[in-house]
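Have a look at the structure below, then the notes.
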Amino acid sequence: MSEKVILNVLDHPNPGTLANYEQVGGYQALKKILAEKIQAETIIAEVKASGLRGRGGAGFPTGLKWSFIPRHFEGTKYVVCNTDEGEPGTFKDRDIIRYNPHSVIEGMLICGYTLGAKVGYNYIHGEIWAEYEMFERALEEARAAGLLGKNILGSGFDFELHAHHGFGAYICGEETALLESIEGKKGQPRFKPPFPASFGLYGRPTVINNTETFANIPYIIRNGGQKFLELGKPNNGGTKIFSVSGQVNKPGNYEVPLGLPFRDLLAMAGGMREGRTLKACIPGGSSVPVLPADVMMDVTMDYDALAKAGSMLGAGSVILIDDRICMVRALERLSYFYFEESCGQCTPCREGTGWLYRIVHRIVQGNGKLEDLDLLMDVSTNIGGRTICALGDAAATPVQSFIKHFRSEFEHFIEHKRSLDGCH
Amino acid sequence: MSLSAASLAKIDREVSKYPTEQKQSAVMSALRIAQQELGWLSNETIQFVADYLEMPRIAAYEVATFYNMYRMHPVGKHCLTVCTNLPCRLTWENDAGAYLKQKLGIGFGETTSDGKYTLLEGECMGVCGDAPVLLVNNHKMCSFMTPEKIDQMLADLDKP
């Protein structure tokens, strides 16, 4: 069994509680930093050395992101955590909040100490109310233990942390839309630059990281960046929580070293249900390119290997599609999702996502033409790269990759006005 | 109109999380709390929340109409939001949406004639490992929803 950084709490009683977290070295990193008054430069250097990359999907190096914050800026700064996971296939942050909320709190505390921020917010996805309440309870527990609030552990360091509840908008997972949402507005992404590091929440310098990213920080400080890096592979440091969904025997979250062969992950998830055959896999959440099974079976699960194979690690949301699923209908549902969730701010996305959905829908209705496949490619190409945020690209990617890898299935549907035999 | 003292206390707690001059930050929670008390958000309710938070009424209306979980029309006593997105669809043998439509005799976006249930189609809830999932009254997540579990859920909701 390989070492776990975050879900190791499941090996001890009462996961989710402070007492449980203390069993795995919880808050030791914060205590060490406060007692030894470790310099911000040292902490950032350690995070950089760890090779930790943003776990929300973009994979941006965390240490580098922290270094962009003007540390000597005198005014208010903020630390924000993005627990707004709602991309089809994602469900790891929910389990982190359920089982190890204190690792997120400690990670945010360390970030606040490093960057000179005194207030933080954790934005939690609207649909997971029970987890929102769990996080509120964890905050209460931390406050009662003197780990949050004024003069933490007598060090003179102040940090307060609050939970903010979303209410059903995928777009708020985009970091600047999320900031707008905390400000009590529609979640529409901001034009960048300026980036949140200089103009973030309420116009103040802000670091915003994913839940899993923050949850890794305490381990890195306790054990050193090098140790974390060695858990994974070069440029892909650490472990990663993969959320495995679809027709497998044991869907769920698996924390494994980055670089694990996909075959091994599939075996951990119990293999395909009822002995079915894997047909395709979306390895990082619905916005990354789908890959056919034969390509997947030879990849390792890390940022670089998946990029080389023509997809992305994304948030590590592994959607497994078996040979009884109709890829045309699958694409229809994903296209509807992006159409529904487009915030409407940029014309190529607002109009283009609807156009994509309507074309795929008419194919499913039996009214498609072969030229529609070229039209889909043309429309999607004209959305990608032409919008303020990445939702436009995210809508274009499934269309392009589904047609690229499963063109014959689309042609069959158009010609016969139905799915392949035996597919749903 | 006003909201109950309990709801106002909940809203005040949300307001306290943000800087004094940023009361608007509490609008999402305030609208949720109002909806929980009243079932849906009328213009009057939205205006009350806006005034309470000292923000423009139109800005509160923008928020109420932007996020999917606010109800802008009256709904049944229980709102059942079924995820139909791809990971939940992959468990097509247990199509929770189709089962509920047949069982309740209504389609998505409709309310049963006795006013008990409103059925809604939801987007990804971030719980795909538990597919198929549905959300009851925006607050309770129900996992691995087979027909048997749906029957049990409805029986529990029917209890007085």
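Line by line, the protein sequences give chains A and B. Sequential numbering of the first sequence, starting at 1, is according to the numbering used here. Sequential numbering of the second sequence, starting at 1001, is according to the numbering used here. By construction, the Cβ of each residue, glycine as well, lies at the ideal position given by its N, Cα and C atoms.
Item to complete: Please work out which residues of its chain come closer than 7 angstroms, Cβ to Cβ, to T277 (chain A), disregarding the five sequence neighbours upstream and downstream, and give them in chain order.
Response: D322, D323
Discussion item. Three or more C-beta pairs under 8 angstroms: does that hold for the stretch 72-80 of chain A against the stretch 5-24 of chain A?
Written reply: no
Discussion item. Tell me the residue span of the beta strand (DSSP E) that contains I282 (chain A).
Written reply: 278-282
Fill in: C-alpha gap between T353 (chain A) and H1139 (chain B), whole angstroms
Taking the straight line from one Cα to the other gives about 30 angstroms.
Worksheet item: My guess is that G1126 (chain B) and G86 (chain A) are in contact by the Cβ rule of under 8 angstroms, so how many angstroms apart are they, rounded?
Response: 5 angstroms
Worksheet item: Using the beta-carbon count (16 or more within 10 Å), is F60 (chain A) buried or exposed?
Response: By the 10 Å Cβ count, F60 (chain A) comes out exposed.
Worksheet entry | Minimum C-alpha distance to E106 (chain A) - residue among A:G149, A:E230, A:C172, A:F199 | Answer by Cα proximity: A:G149.
Item to complete: Please report the residue range of the alpha helix (DSSP H) in which K92 (chain A) lies.
Response: 92-99
Worksheet item: Taking the DSSP output, what are the residues bridged to L206 (chain A)?
Response: Strictly speaking, residue 206 (chain A) in this sequence is Thr, with Leu absent from that position. Paired residue(s): A:Y78.
Worksheet item: In the structure shown, what three-state DSSP assignment does I241 (chain A) receive?
Response: The three-state reading of DSSP puts I241 (chain A) in strand, counting E and B together.
Worksheet entry | Neighbourhood of K1149 (chain B) by C-beta distance below 8 angstroms, restricted to the same chain and skipping five residues each side | C1142
Practice prompt. Taking C-beta pairs closer than 7 angstroms, name the residues in chain A that Y1070 (chain B) reaches, listed in chain order.
Written response: Correct list: F167.
Discussion item. Counting C-beta neighbours from all protein chains within 10 Å, is the total for F191 (chain A) 16 or more, i.e. buried, or is it exposed?
Written reply: Using a 10 angstroms sphere on the CB of F191 (chain A), the tally of other CB atoms stays under 16, which defines it as exposed.
Worksheet item: With respect to the alpha helix (DSSP H) encompassing N382 (chain A), which residues constitute its N-terminal and C-terminal limits?
Response: Where N382 (chain A) is concerned, the enclosing alpha helix (DSSP H) stretches over 371-383.
Fill in: As assigned by DSSP and simplified to three states, the class of H72 (chain A)
Coil, per DSSP.
Worksheet item: Going by the CB atoms, is the gap between T1118 (chain B) and L1154 (chain B) shorter than 9 angstroms?
Response: no
Discussion item. Extract the residue ranges of the alpha helix (DSSP H) inside the stretch 1083-1138 of chain B, only unbroken runs of 4 or more that lie entirely within it.
Written reply: 1086-1089, 1096-1104
Discussion item. Can you tell me whether M1055 (chain B) is buried or exposed? The criterion is at least 16 other CB atoms within 10 Å of its CB, across all chains shown.
Written reply: buried
Discussion item. Using the Cβ count rule (16 or more neighbours within 10 Å means buried), how would you classify T300 (chain A)?
Written reply: When all chains shown are included, T300 (chain A) counts as buried.
Fill in: Under 8 angstroms by beta carbon: chain B residues contacting P251 (chain A)
C1128, G1129, D1130, A1131
Worksheet entry | C-beta neighbour in chain B for T90 (chain A), strict 9 angstroms | yes
Practice prompt. Using a Cβ cut-off of 7 angstroms, pull out every chain B residue sitting near K186 (chain A), in sequence order please.
Written response: E1062, V1063, F1066
Item to complete: Could you say which of A:L334, A:F242, A:A269 lies nearest to N249 (chain A) if we only look at CA atoms?
Response: A:A269
Worksheet item: Is it the case that the Cβ atoms of G237 (chain A) and S50 (chain A) are separated by a distance below 9 angstroms?
Response: yes
Worksheet item: Using a C-beta to C-beta distance shorter than 8 angstroms, which residues of chain A count as neighbours of V1027 (chain B)?
Response: G184
Discussion item. One question on the structure: do G63 (chain A) and I44 (chain A) come within less than 9 angstroms of each other, judged by their Cβ atoms?
Written reply: yes
Discussion item. Between R1089 (chain B) and chain A, is the shortest Cβ-Cβ distance under 9 angstroms, so that the two count as touching?
Written reply: yes
Discussion item. Just to confirm before moving on: does the CB-CB distance between L391 (chain A) and Y357 (chain A) stay below 9 angstroms?
Written reply: no
Item to complete: Mind listing the chain B neighbours of H424 (chain A)? Cutoff is C-beta to C-beta under 8 angstroms, in chain order.
Response: W1092
Worksheet item: Can you tell me whether S286 (chain A) is buried or exposed, with buried defined as 16 or more other CB within 10 angstroms of its CB?
Response: buried
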